[in-house]
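*Asks:* Input: one structure, supplied below.
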Amino acid sequence: MGLDRAYERLTELAVAALHERDPEQLWPLLAAALTGLCGGETLIYKLDDWSEGKGRLGLVPAAAELDRLGDEALGVLRSGYPFAHHYAAGLGRTPATARQIAGGAWPVSETALVLGDALGLNQVLALPLPGTVAPITGCLVYRSGADFTDDHVRIAGRAQPLLAAVEQQRQLLVQWRRLAAAAGEPEERAADCALTPRELTVLLLLTDALTADAIGRRLGISARTVHKHIENIYRKLGTRDRLGTVLHAQRLGLVPAPGTAPINGSAIG
Numbered sequence: 003m004g005l006d007r008a009y010e011r012l013t014e015l016a017v018a019a020l021h022e023r024d025p026e027q028l029w030p031l032l033a034a035a036l037t038g039l040c041g042g043e044t045l046i047y048k049l050d051d052w053s054e055g056k057g058r059l060g061l062v063p064a065a066a067e068l069d070r071l072g073d074e075a076l077g078v079l080r081s082g083y084p085f086a087h088h089y090a091a092g093l094g095r096t097p098a099t100a101r102q103i104a105g106g107a108w109p110v111s112e113t114a115l116v117l118g119d120a121l122g123l124n125q126v127l128a129l130p131l132p133g134t135v136a137p138i139t140g141c142l143v144y145r146s147g148a149d150f151t152d153d154h155v156r157i158a159g160r161a162q163p164l165l166a167a168v169e170q171q172r173q174l175l176v177q178w179r180r181l182a183a184a185a186g187e188p189e190e191r192a193a194d195c196a197l198t199p200r201e202l203t204v205l206l207l208l209t210d211a212l213t214a215d216a217i218g219r220r221l222g223i224s225a226r227t228v229h230k231h232i233e234n235i236y237r238k239l240g241t242r243d244r245l246g247t248v249l250h251a252q253r254l255g256l257v258p259a260p261g262t263a264p265i266n267g268s269a270i271g
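Residue numbers 3 to 271, in our numbering, belong to the letters of the sequence shown in order.
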């Protein structure tokens, strides 16, 4: 598959992901396709604080071998060698392979040995999310045999902004569910109003009095696209302006009522 077709495929997947209402399904949806597009056999995605002792791992496809790893071996994989130190050193967020970063030290490293023994894999490609603080937030793609090609690394680079947009959407949907749950059954109310998941996240940010430009920067889209989403929200809720829309949405239980923690104060990267 050529670079242009691979990027088209990623764009199609991102669009599909942005229509997914369950935030827990977003990364599995993308990761399953991303694995093959980047020439891998297995992919681990990491979305929260991750250390050698804690943090959620998402594995695509699911591998029982990982569940059987002992704490010590799992800690070695969690350490993220050699990527954690590389990205923490401020060397950007460009995707790279373990061999590119560590050279001859990679095949004899403890991490490579654990990968080989546990999963029969020996090559790793890191795809960090741009702009994140945690040094290895994002994906690690694994394969056996020869190292990833230059095209695989280029595809990973082109996937970064799409993955970042989906991760932003995931975090906002998780937050929306948590804040709106107090009113009960927020998903049903959103469905009754025919609001898409993307419109819900825009509506959530509107409650924080963000401008269209600020919402666009947060979501990685243009202000023009934001205005289109806002127009759709007005039409579906039967409102005419932002204040009226927010107040009506609060009465419907679609967004948090006044006094709830503001969106700007959240830990969205």
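Quick reminder that beta carbons are idealized off the backbone N, C-alpha and C, glycines included.
Keep in mind it's a predicted model, so treat the numbers as computed, not measured.
1. List the endpoints of the continuous beta strand (DSSP E) containing residue 126.
2. Just grab the DSSP bridge partners of residue 145 for me.
3. Spatial neighbours of residue 25 within its chain, please: C-beta separation below 6 Å, excluding the five flanking residues on both sides.
4. For residue 211, name the three-state secondary structure that DSSP assigns.
5. In angstroms, rounded to a whole number, what distance separates the CA positions of residue 182 and residue 204?
6. Indicate the three-state DSSP secondary structure (helix, strand or coil) for residue 89 in the structure shown.
7. Using the C-alpha atoms, what's the distance from residue 40 back to residue 160?
8. I'd like the list of long-range same chain contacts for residue 149, defined as Cβ closer than 6 Å, with 5 residues on each side in sequence excluded.
9. If you compare alpha carbons, which of 251, 236 and 162 is closest to residue 206?
10. Specify the secondary structure class of residue 139 as computed by DSSP and reduced to three states.
11. With distances taken from CA atoms, which of 214, 158 and 36 is nearest residue 129?
*Replies:* If we stick to the structure as given:
1. Counting along the chain, the beta strand (DSSP E) containing residue 126 begins and ends at 125-130.
2. Residue 145 pairs with 125.
3. Excluding sequence neighbours, residue 25 sits near 172, 175 and 176.
4. The answer is coil: DSSP assigns residue 211 none of H, G, I, E or B.
5. Annotation: residue 182 to residue 204 spans about 14 Å, alpha carbon to alpha carbon.
6. Of the three classes helix, strand and coil, the one that applies to residue 89 here is helix, per DSSP.
7. Going by the C-alpha atoms only, they are around 11 Å apart.
8. Sequence-distant Cβ neighbours of residue 149 in its own chain, meaning closer than 6 Å and more than five residues away, are 99, 101 and 125.
9. Ranking 251, 236 and 162 by CA distance to the CA of residue 206 puts 251 first.
10. DSSP places residue 139 in coil when its eight states are reduced to three.
11. Answer by Cα proximity: 158.
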